[in-house]
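Asker:
As structure tokens, this is what we get:
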């Protein structure tokens with residue numbers, strides 16, 4: 004039986020995409036080879052990379068001023084690539100709104116004067132700092148944010164206006180809501196939440212910003228080099244890119260980001276409304292900063308949380324355990340989570356409350 | 004019809020491995036999820052990573068003195084990781100025996116006094132420099148070699164004895180012949196030739212050498228960090244690792260590296276013997292340095308080469324075009340290429356010669 008999989012990442016993928024990948028796994032595009040076996044220089048494959056880029060440009064309305072890159076190493080590698088490509092004045096501001104935002108900040112400190120100019124650590128990252136109050140410094144190379152915080156279930160409802168280029172880790176919300184790419188210098192995202200299996204990372208970078216990587220930047224981390232080579236400087240993670248293209252095709256067919264965002268808002272509302280109307284379940288995030296991708300919640304105590312998670316798994320609602328930094332439960336309801344999955348979760352929550360309240 | 008795929012990488016994988024991956028693609032290990040969908044912290048998955056490491060230790064006889072790591076970014080990323088982890092005295096020797104050996108050398112120069120102490124560029128990389136004559140310098144942090152040169156079809160029949168730790172890029176021959184890991188400080192290999200789909204890179208590193216990465220080394224490129232986290236510091240390329248484990252299981256069942264090496268030597272001999280007995284086909288590599296993985300060859304002229312490649316593709320013998328630096332043909336006959344594939348190639352070569360000599 005197929006599970007409803009609430010994992011924070013790697014996470015659920017659209018069933019029809021998986022079925023297509025399975026069906027064609029031994030014979031990609033009539034080549035007599037698996038997509039995992041063909042050369043990345045094969046036209047059948049390089050056409051997929053080009054299609055992936057074109058679909059992203061179309062769906063996110065990305066202009067030619069920006070490079071669109073498929074790279075490796077996850078967002079964690081980009082934590083270093085950001086300063087290694089951009090930190091010419093060795094000065095950058097970071098807003099720390101969660102665990103990964105903090106890791107990005109710490110990595111920035113390896114390469115220069117990285118400063119945490121605002122943080123929500125004082126309230127266990129349950130909110131986003133008021134943007135108008137952030138003391139951004141002059142002369143910085145960039146300002147770094149994490150737009151959606153997977154572990155704590157927050158997101159920026161809007162983005163700060165900054166003098167320096169704004170760099171955003173969007174791993175856990177890429178393609179889930181409409182954004183104006185032109186507000187950003189660089190956007191990056193590990194693919195394993197909304198886009199593809201783990202192993203490919205999306206980078207969208209304003210081309211004028213990336214022409215002079217630092218001397219110590221590894222060639223593979225130079226966005227300029229990746230851009231000049233159409234993401235084929237070396238052998239790319241072919242299978243992950245292939246599945247990404249299937250996911251992007253499906254998203255376009257559905258009506259694009261506006262359409263999926265409506266569904267995402269609907270799914271999140273189902274869950275938050277139920278939690279807010281319950282005296283048994285609690286979500287601690289300040290309402291205006293709630294993520295529509297990651298919904299952490301707790302029952303009245305840790306024993307009940309454990310029982311909740313075990314009972315849910317028996318009903319095919321899996322990977323609901325919250326991150327160890329937070330405890331409790333977390334339902335990650337990315338683009339590929341069907342509405343039925345969220346409804347099934349709410350039904351289970353009702354039943355569990357009735358049995359345990 | 005399944006092709007015989009002679010691609011240099013990504014390259015052919017064992018058919019039964021692909022069939023197993025296809026069969027289980029929607030339900031990994033009874034989880035009700037695809038292996039591409041489950042959390043890397045899920046025990047069903049982390050057990051796969053541990054099994055992969057254990058199989059490699061067993062097959063290659065790797066002691067606990069060495070870390071065995073699954074990382075991202077391909078060998079090209081390791082070209083930077085090598086100096087960033089090891090170059091404390093900012094001094095390293097490189098032996099340049101081909102295109103990737105040269106790229107590794109150039110990357111080394113970003114971080115210190117990297118010197119090319121021997122090269123076979125004078126003869127278009129058709130041989131390996133005589134090891135006893137190489138003027139290795141004193142006080143170097145390491146000596147870097149590429150043990151098998153994919154484009155030019157050469158390999159080291161034996162390895163140099165060096166005072167400094169020996170670092171080897173084994174991307175195109177890992178697991179194809181028995182080696183003594185203890186001769187090396189570090190071995191690394193992109194997986195997309197003998198091990199797995201593209202997207203995962205194997206690193207085998209002596210633990211005492213990797214405890215002090217340079218200050219400027221990105222966290223994700225620090226082998227120490229990857230070792231301390233069992234290759235799960237961040238989300239790994241799960242699907243590629245999963246397929247690697249299937250490939251390693253199969254290799255163990257077959258009898259390990261000794262067994263596959265016998266088959267590899269047999270396949271290579273079939274092809275080289277035929278070429279050497281022909282006055283139509285030529286392989287330019289000095290015999291004692293011939294690779295058993297990559298076999299470049301030419302017909303009497305470039306027009307015939309083109310006709311050969313096109314005709315071969317029609318008979319299901321694909322990806323035989325040589326690298327643009329060399330021209331002609333190249334048959335990559337990695338572990339997963341069946342003996343039947345090499346026999347079919349030789350039969351086609353006979354027929355083509357008869358028709359065109």
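Residue numbers (the numbering used here), protein chains in the order written: chain A, 4 to 360; chain B, 4 to 360. The beta-carbon is built from N, C-alpha and C at its ideal position, and this holds for glycine as well. Source: prediction; values computed, not measured.
1) Answer with yes or no whether the minimum CB distance from residue 299(B) to chain A is below 8 Å.
2) Could you pull out every residue in the same chain whose Cβ sits closer than 7 Å to the Cβ of residue 131(B), ignoring the five residues on either side in sequence?
3) Among 19(A), 54(A), 87(A), whose alpha-carbon lies nearest the alpha-carbon of residue 37(B)?
4) Evaluate contact between the stretch 221-233 of chain A and the stretch 93-108 of chain A, counting only Cβ atoms and requiring at least three cross-stretch pairs below 8 Å.
5) Is any heavy atom in the ligand NAD found nearer than 7 Å to the beta carbon of residue 159(B)?
6) Quick one: which residues of the stretch 26-46 of chain B get their C-beta closer than 8 Å to a C-beta of chain A? List them in chain order.
7) Need the endpoints of the alpha helix (DSSP H) that residue 279(B) sits in, please.
8) Along the chain, which unbroken stretches of the beta strand (DSSP E) at least 3 residues long are found entirely within the stretch 51-105 of chain A?
9) Skipping 5 residues on each side, what residues in its chain have a beta carbon closer than 7 Å to that of residue 287(B)?
10) Identify the continuous beta strand (DSSP E) that holds residue 298(A) and give its terminal residues.
11) Which value, in whole angstroms, describes the spacing of the CA atoms of residue 254(A) and residue 229(A)?
12) Provide the residue span of the beta strand (DSSP E) that contains residue 207(A), from first to last.
13) If you reduce the DSSP assignment to three classes, tell me which class residue 122(B) lands in.
14) Could you check if residue 193(B) is buried or exposed, using at least 16 other CB atoms within 10 Å of its CB as the buried criterion?
15) Measure the beta-carbon distance from residue 247(B) to residue 206(B) and round it to whole angstroms, keeping in mind my assumption that it falls under 8 Å.
16) Buried or exposed for residue 81(A), going by 16 or more other Cβ atoms inside 10 Å?
17) Any Cβ of chain A within less than 8 Å of the Cβ of residue 171(B)?
18) Let me check one thing: in DSSP terms, what residues is residue 149(A) bridge-paired to?
19) Please report the straight-line C-alpha distance between residue 8(B) and residue 328(A), rounded to a whole angstrom.
20) What in chain B is Cβ-close to residue 66(A), meaning under 7 Å?
21) Below 8 Å, how does it come out for the stretch 76-90 of chain A and the stretch 112-121 of chain A: are there three or more Cβ pairs, yes or no?
22) Look at residue 179(A) and residue 295(A) and say whether their C-beta atoms are less than 8 Å apart.
23) Given this structure, state the Cα-to-Cα distance separating residue 309(B) from residue 256(B), to the nearest angstrom.
24) According to DSSP, is residue 193(A) helix, strand or coil?
25) Using a Cβ cut-off of 9 Å, pull out every chain A residue sitting near residue 239(B), in sequence order please.
26) Are there three or more Cβ pairs, one per stretch, closer than 8 Å when the stretch 163-174 of chain A is compared with the stretch 182-190 of chain A?
27) Between which two residues does the beta strand (DSSP E) carrying residue 334(A) extend?
28) Where does the unbroken alpha helix (DSSP H) through residue 22(A) begin, and where does it stop?
29) Could you say if the stretch 60-70 of chain B and the stretch 207-220 of chain B meet the contact criterion of at least three C-beta pairs nearer than 8 Å?
30) Grouping DSSP H, G and I as helix and E and B as strand, with all else coil, what is residue 38(A)?
31) Within the 8 Å Cβ cut-off, does residue 153(B) reach chain A?
32) What is the residue span of the alpha helix (DSSP H) that residue 186(A) lies within?
33) Would you call the stretch 50-65 of chain A in contact with the stretch 23-33 of chain B, where contact means no fewer than 3 C-beta pairs closer than 8 Å?
34) Taking Cβ positions, are residue 200(A) and residue 13(A) nearer each other than 8 Å?
35) Would you say residue 243(A) faces chain B, with C-beta separation under 8 Å as the test?
36) Should residue 177(A) and residue 73(A) be called a contact, given that it needs their Cβ atoms to be closer than 8 Å?
Answerer: The relevant details are as follows:
1) no
2) 100, 123, 157, 159, 292
3) 19(A)
4) no
5) For the ligand NAD, the structure offers nothing, since it holds no ligand at all.
6) 28, 29, 30, 34, 35, 36, 37, 39, 40, 41, 42, 43, 45
7) 259-279
8) 69-74, 94-99
9) 129
10) 297-300
11) 25 Å
12) 204-209
13) strand
14) buried
15) 13 Å between Cβ atoms; not a contact.
16) buried
17) no
18) 172(A)
19) 48 Å
20) Neighbours of residue 66(A) on chain B: none; closest Cβ ~28 Å, over 7 Å.
21) yes
22) yes
23) 40 Å
24) strand
25) 77, 201, 202
26) yes
27) 332-335
28) 18-26
29) yes
30) coil
31) no
32) Element bounds for residue 186(A): n/a, residue is neither H nor E.
33) no
34) yes
35) yes
36) no
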